[in-house]
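Here the sequence shown stands for residues 1 to 213, where the numbers follow our numbering.
Below is one structure; the comments refer to it alone.
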Amino acid sequence: MSELLEKIAAGIIAGNLNEVPDLVQNALDEGMGPSKILENGLVVGMNEVGKRFKLGSMFVPEVLRSARTMHAGQELLRPLLAEAGADLGGKIVLGTVQGDLHDIGKNLVGMMCEGAGFEVIDLGFNLEPEKFIEAIKTHQPSIVGMSALLTTTMRAMGHTIKAMEEAGLRDKIKVMVGGAPVDAEFAKRIGADGYGHNAASGAETAKKLAGRS
Numbered sequence: 001m002s003e004l005l006e007k008i009a010a011g012i013i014a015g016n017l018n019e020v021p022d023l024v025q026n027a028l029d030e031g032m033g034p035s036k037i038l039e040n041g042l043v044v045g046m047n048e049v050g051k052r053f054k055l056g057s058m059f060v061p062e063v064l065r066s067a068r069t070m071h072a073g074q075e076l077l078r079p080l081l082a083e084a085g086a087d088l089g090g091k092i093v094l095g096t097v098q099g100d101l102h103d104i105g106k107n108l109v110g111m112m113c114e115g116a117g118f119e120v121i122d123l124g125f126n127l128e129p130e131k132f133i134e135a136i137k138t139h140q141p142s143i144v145g146m147s148a149l150l151t152t153t154m155r156a157m158g159h160t161i162k163a164m165e166e167a168g169l170r171d172k173i174k175v176m177v178g179g180a181p182v183d184a185e186f187a188k189r190i191g192a193d194g195y196g197h198n199a200a201s202g203a204e205t206a207k208k209l210a211g212r213s
């Protein structure tokens with residue numbers, strides 16, 4: 001890895017919001033391709049943030065700052081990547097299920113997935129199954145992620161998967177679930193393809209479902 005890419009990765013980890021966009025621009029000015037900058041600079045840094053968050057050596061405020069720094073760098077690359085027709089690593093639709101108004105965990109998963117190079121479509125919270133169905137048809141993601149924080153709403157995940165089956169969409173996507181009351185056994189029972197117990201493992205699960213790890 002070049003010294004400049006190492007600085008970009010280190011800047012993401014440190015959350016140097018003002019520094020990273022300049023480093024990304026410097027890399028572009030040197031003729032480095034946007035895909036290389038994304039994969040070997042921004043994504044490398046955010047992957048390290050995920051590891052540290054999982055180990056408990058980084059906390060939510062620090063992760064949020066790193067995610068904002070990642071976004072600032074991505075903004076410079078996004079039009080160039082689109083122009084080149086680059087695949088950002090897959091598309092994910094995320095949402096909190098019907099009856100549940102909690103979205104902090106889901107938002108963190110989205111940030112970590114963006115940090116892993118995915119394009120993330122965040123639908124928000126309190127989403128009835130039809131909203132997920134509509135989003136799958138509109139955005140054609142490879143992965144759908146559902147979140148629930150309450151034991152009373154986690155059952156809506158199963159209802160949503162059932163709705164996907166009835167709409168003939170289930171075999172076109174992978175489904176991952178997460179949230180405080182959710183565990184791997186529940187995920188398996190409702191027919192989900194993967195489970196993440198926190199934001200970092202959610203991003204890891206997404207990569208596995210996309211065949212990237």
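Beta carbons are placed, not taken as given, at the ideal position from N, Cα and C, and that holds for glycine.
Within 9 Å, strictly: CB atoms of residue i and residue j
i: A148; j: V175; result: no
i: V109; j: T160; result: no
i: G191; j: M146; result: no
i: V49; j: I13; result: yes
i: G41; j: L5; result: yes
i: G15; j: R68; result: yes
i: P181; j: T138; result: no
i: K162; j: P129; result: yes
i: P21; j: A82; result: no
i: I92; j: I136; result: no
i: L23; j: G11; result: yes
i: G117; j: V43; result: yes
i: M111; j: M58; result: no
i: G31; j: A9; result: no
i: A200; j: K36; result: no
DSSP-derived helix/strand/coil call for residue i
i: T153; result: coil
i: P21; result: helix
i: M32; result: coil
i: N16; result: coil
i: R189; result: helix
i: L4; result: helix
i: V63; result: helix
i: S57; result: coil
i: P79; result: helix
i: R212; result: coil
Residue closest to residue i, alpha-carbon to alpha-carbon, out of the options
i: D183; options: R78, G196 and D171; result: G196
i: P141; options: R170, A14, F186 and S66; result: R170
i: N126; options: D100, A206 and E19; result: D100
i: H102; options: F186, T153 and E165; result: T153
i: L209; options: G11, E75 and I143; result: I143
i: A203; options: G90, E166 and S35; result: G90
i: N198; options: N107, M70, G124 and I133; result: N107
i: L77; options: M46, S66, N47 and E39; result: E39
i: A187; options: K207, R155, A200 and E134; result: R155
i: I133; options: G179, E3, N26 and E165; result: E165
Residues bridged to residue i (per DSSP)
i: I121; result: V93
i: V177; result: M146 and Y195
i: L127; result: V97
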